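Peer 1: So the protein lines, in turn, are chains A and B.
With this note's numbering, letter number 163 in the first sequence gets 163, and the count goes up by one each step, no holes.
With this note's numbering, letter number 263 in the second sequence gets 521, and the count goes up by one each step, no holes.
There's a structure below that I have some questions on.
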Amino acid sequence: MITGGIDVGSLTAKAVILENGKILSSSLSLTGDSSNEAAIKVMEEAIKKAGLSSGSVQYIVSTGAGKKEVALTSEQATEVMCDAKGAQLLYPQVGGVIDIGAESCRVIKCDQGNVVDFAMNDKCAAGTGIFLDAMAKALEVKPEEMGELSLKSTQDINITSMCAVFAESEVVSLIHRKADKVDILKGIHKSVATRVYGLANRIRIEGDTVVIGGIAKNVGVIAFLEEMMKRKVVVPRDPQIVGALGAAIIARERVMAK
Amino acid sequence: MADYRSMYEELGMDVELHEQFMAGFSQMYPQMILDQPNRPKSMSYFDYLYSEQHGASIKELQDHRTRGGKVVVFSCLYMPREIVRAAGGISVGPCEGAEVGVAEVENLLPRNFCPLIKSFMGFKLTKTCPYFQCSDLVVGETTCDGRKKSYEILTEFCPTYVMEVPQMKSPEDKMLWLEQVKRFKVEIESLTNRKVDEEGLARAIKLYNQSNKVLQRLGATRLANPTPISGKDALLVLLMTLMNDIPLSQSIERVSNLCDELETRAARGEGVVDPSTPRIMYTGTPTAEFKLHHLIETSGGSVVCEDACTGSRFYRELVDETQDGLEGQLMAIGEKYLKADCAHFTPNNERIENIVRLAREYDVAGVVYGVLHFCHTFAAEFYKVQKALAEIGIPTLLVETDHGQGDVGQLKTRIEAFIEMIGN
């Protein structure tokens, strides 16, 4: 059985094609101004990559901030459920999922793929990808290079502002005070990790912890998370598609239930 | 709807701004309330009241004033309405629960401030609330620092009287409160120029008790699974009872008719949702609007009870009717109002106990704890409430919000995930 999952995030859209328990293909693209068009685009791309025809995908489920705009399917699943399902397929023993996306940050406590508890940021951008993007711009570094660069830091700097906008002015004043870029970067990563750790602590996640979403690729944030949580976390090879994977799994469950 | 423009002008309202504001509301009401499936037929009366909130209801208040009567606006349930009525006055709530006049309010109050206070202050400053405009006195209380300080500013715009609600419930605090109730009686008597007598007060006590009893009965119909009335409709009935003090006996009868219909429904096993729908309790700051109820009920949940000032706290307690003499009656009134377990009290274990009891009685699957931004007392009490509920195996979702619509998307994501989690 072949099913599909689409995750339309606030910044990127992702699609996964699943055959039984195996990922056939995935794709990712910027969401832009139309969730529906982005969904069609990533789904077509994923189908093409898998070498399939569009008729061969039996059922699709959508998730993410733009899930309701997706005309390819009428069935949606929550981001929390999709994250838990996707992570569980990749790591059957998973007890906690941390998803740091562009505009959202959530921590999920799960057991056998079932959600036991979760915590999320509210509309504040602190501890999310948009915040890191803004900081990268202020420091004139590429967002994808932030993580590696910060590992070279030798000085501790604390970014104390909780608000993304205030943190940006704090960073700007650090630049003016000639603080080293790599040290500021490390401070920024620490502030993001502190936010996320606070959420994780609130629901006390236990067992194997999987970090997903775009920010999972930032080794600087991951290093701090591990330090604060006092244990190793796992980052899937492609951390951004886990939500879409979960949607594809739910699509499969729906077909099987019928 | 009749044209009330000249009445608004008489009341010194900003007619155009008010019109814009009402246009927004009349758009929202059908999709939030009228389009709900399986609505009880008796709700049509409350829909009518809602549609005439700024019309016929205000006309009644104005007619009352033309006859020499007084109108008192209160925005917290500690104000003893019995006393106002016994002195020939009418008490109503102000407009609140929407973002109005933000710029005007922020000239007077800090930006990072309780949205509920900002809301009623905004309505007053922009002259868009006819209840405020036709009131002779606004009664405030000391249930939080924000409110205390805001009433000081409000006195610049309208006559305002503040009652001191104690912080604790020791015998000394009870004495203080009783004195406050007595002073309030004197204040109201001088406002209405009419003495409160034993007979009149007894009638008023009886009437509000009846009103609260019928609301209790309405609450009890929601014990059934599936619930015969939606949370939004139950909230609507409560808000309309609060806002319509003049035809109160008529309201009581209408709520009673509604209960008849709901009890018949429940006996037949009929409800507004599928019996498998997760049953949710709302607790937290007052909901003078439908925002959170609407989010919960359009995300696969059903609100079956509320621990809130716009819920069971409003009608749970009755005044002892057996007291003779004014002194005894005032004491009974004081005792009733002090039983309200507002989060400003310390300690406030009654609230925790009430929540746990409600959760059990109403067999809820989860609790949504709503907090308006910057409401420290309710926000801090979350810790104890969540812990007590966790002990009986009931999960709680904390949502922080305001009266704007900017966070609706994020809130929906969380509420959907919560209901999905407890539904499994």
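Think of the CB as a built atom: it goes at the ideal place given N, C-alpha and C, for glycine as much as any other residue.
This structure is a prediction, so every number in the text was calculated from the model and none was measured.
1. Check Q438(B) in the structure and name its three-state DSSP category.
2. Are there 16 or more other CB atoms within 10 angstroms of the CB of R430(B), so buried, or fewer, so exposed?
3. Which residue wins for smallest C-alpha separation from D305(B), given the options P295(B), S315(B) and I291(B)?
4. I'd like to know whether the C-beta of R672(B) is nearer than 8 angstroms to at least one C-beta of chain A.
5. Would you mind working out which of K670(B), E611(B) and A675(B) sits nearest L647(B), comparing C-alpha positions?
6. What does E437(B) touch in chain A if you count any residue whose Cβ is under 7 angstroms from its own?
7. How close, in whole Å, do the beta carbons of L355(B) and E564(B) come, if the pair is a contact with beta carbons under 8 angstroms?
8. Taking just the CA atoms, how far does L412(B) sit from K490(B)?
9. Shortest alpha-carbon distance to I6(A) belongs to which of I249(A), K181(A), R237(A) and G220(A)?
10. Can you name the residues of chain B whose CB is closer than 9 angstroms to the CB of A65(A)?
11. In chain order, what residues of the same chain have a beta carbon less than 6 angstroms from the beta carbon of K376(B), not counting five sequence neighbours either side?
12. Helix, strand or coil, according to DSSP, for V63(A) in the structure here?
13. Determine the chain A residues that contact M426(B) at a beta-carbon separation under 9 angstroms, and present them in chain order.
14. So who's on the other strand from E658(B), going by DSSP bridges?
15. If you compare alpha carbons, which of N502(B), L500(B) and M539(B) is closest to V488(B)?
16. Could you work out which residue in F378(B), D578(B) and P536(B) is closest to K471(B) when comparing CA atoms only?
17. Can you tell me whether D117(A) is helix, strand or coil according to DSSP?
18. Indicate whether at least one CB of chain B lies closer than 8 angstroms to the CB of N114(A).
19. Expressed to the nearest angstrom, what Euclidean distance is found between the alpha-carbon atoms of S315(B) and V57(A)?
20. Considering only their Cβ atoms, is the gap separating V331(B) from S393(B) smaller than 8 angstroms?
21. Near K328(B), what residues of its chain come up, given a Cβ to Cβ distance below 6 angstroms and the 5 sequence neighbours on each side ignored?
22. What residue does the alpha helix (DSSP H) around I341(B) start on, and which one ends it?
23. Mapping DSSP to helix, strand and coil, what is S53(A)?
24. Report the neighbours of V165(A) on chain B: residues whose CB is nearer than 8 angstroms to its CB, in chain order.
25. Would you mind giving the Cβ-Cβ distance between G628(B) and T580(B), rounded to the nearest angstrom? I have them listed as a contact below 8 angstroms.
26. What's the gap between the Cα of G4(A) and the Cα of R618(B)?
27. Identify the contact partners of P653(B) in chain A, using a Cβ-Cβ distance below 8 angstroms as the criterion.
28. To the nearest angstrom, how far is the alpha carbon of R195(A) from that of Q289(B)?
29. DSSP three-state label for E19(A), please.
30. On the DSSP bridge list, what partners appear for S27(A)?
31. Scan the segment 71–101 of chain A for residues whose Cβ lies nearer than 7 angstroms to a Cβ of chain B and list them as they occur along the chain.
32. In chain B, which residues lie with their C-beta within 9 angstroms of the C-beta of D122(A)?
33. Between which residues of its own chain and V342(B) is the CB-CB distance below 6 angstroms, once the five residues before and five after are set aside?
34. Under 7 angstroms Cβ to Cβ from K406(B), same chain only, skipping five residues before and after it: list those, please.
35. In angstroms with no decimal places, state the Cα-to-Cα distance between G113(A) and Q508(B).
36. Along chain A, in chain order, which residues have C-beta atoms closer than 9 angstroms to that of E678(B)?
Peer 2: Short version:
1. Look at Q438(B) here: in three-state DSSP terms it is helix.
2. Correcting the residue identity first, residue 430(B) is Glu in this sequence and not Arg. The residue is exposed, with fewer than 16 neighbouring Cβ atoms inside 10 Å.
3. That would be I291(B), whose Cα lies nearest to the Cα of D305(B).
4. The beta carbon of R672(B) falls within 8 angstroms of a beta carbon belonging to chain A, placing the residue at that interface.
5. Ranked by how close their Cα comes to the Cα of L647(B), the residues K670(B), E611(B) and A675(B) have E611(B) in first place.
6. Within chain A, no residue has its CB atom less than 7 angstroms from the CB of E437(B), the nearest being about 42 angstroms off.
7. At residue 355(B) the sequence reads Gly, which differs from the Leu that was named. Cβ atoms of G355(B) and E564(B) stay farther apart than 8 angstroms, at about 15 angstroms.
8. Their backbone Cα atoms lie some 31 angstroms apart in a straight line.
9. Answer by Cα proximity: I249(A).
10. Near A65(A) (Cβ distances below 9 angstroms), the residues of chain B are G667, Q668 and T671.
11. The beta carbon of K376(B) sits closer than 6 angstroms to the beta carbons of V363 from its chain, once the five residues preceding and following it are set aside; these are given in chain order.
12. A small correction: the amino acid at residue 63(A) is Thr; Val does not occupy that position in the sequence shown. DSSP places T63(A) within a strand segment (E or B) once states are collapsed to three.
13. Ordered by position in chain A, no residue passes the 9 angstroms Cβ test against M426(B), which lies about 30 angstroms from the chain.
14. Bridge partners of E658(B): V629(B).
15. The question names Val, but residue 488(B) in the sequence shown is Ser. Among N502(B), L500(B) and M539(B), the Cα nearest to that of S488(B) belongs to M539(B).
16. For K471(B), the closest C-alpha among the options F378(B), D578(B) and P536(B) is that of D578(B).
17. Secondary structure at D117(A): strand, using DSSP grouped into helix, strand and coil.
18. Answer yes: the Cβ-Cβ gap between N114(A) and chain B drops below 8 angstroms somewhere.
19. Those two C-alpha atoms are separated by around 59 angstroms.
20. Their beta carbons are under 8 angstroms apart, which means S393(B) touches V331(B) by this criterion.
21. Once the five neighbours on either side are set aside, the close Cβ partners of K328(B) are G347, D394, L449 and T450.
22. Here the alpha helix (DSSP H) through I341(B) covers R339 to A344.
23. Of the three classes helix, strand and coil, the one that applies to S53(A) here is coil, per DSSP.
24. In chain order: nothing, as chain B lies at least about 14 angstroms away.
25. Not a contact, Cβ separation roughly 37 angstroms.
26. For G4(A) and R618(B), the distance between alpha carbons rounds to 41 angstroms.
27. What P653(B) touches in chain A: D117.
28. Rounded to the nearest whole angstrom, the CA to CA distance from R195(A) to Q289(B) is 37 angstroms.
29. DSSP, reduced to helix, strand and coil, places E19(A) within a strand of the structure shown.
30. A15(A), per the DSSP bridge assignment.
31. For the segment 71–101 of chain A, which is checked against every Cβ of chain B, the residues closer than 7 angstroms are T78, E79, V80 and M81.
32. Under the 9 angstroms cutoff, chain B gives V657, E658, T659, D665, Q668, L669 and R672.
33. So the list reads V330, S349 and I446, once near-sequence residues are dropped.
34. The residues are T400.
35. For G113(A) and Q508(B), the distance between alpha carbons rounds to 54 angstroms.
36. Near E678(B) (Cβ distances below 9 angstroms), the residues of chain A are A77, T78, V80, M81 and V115.
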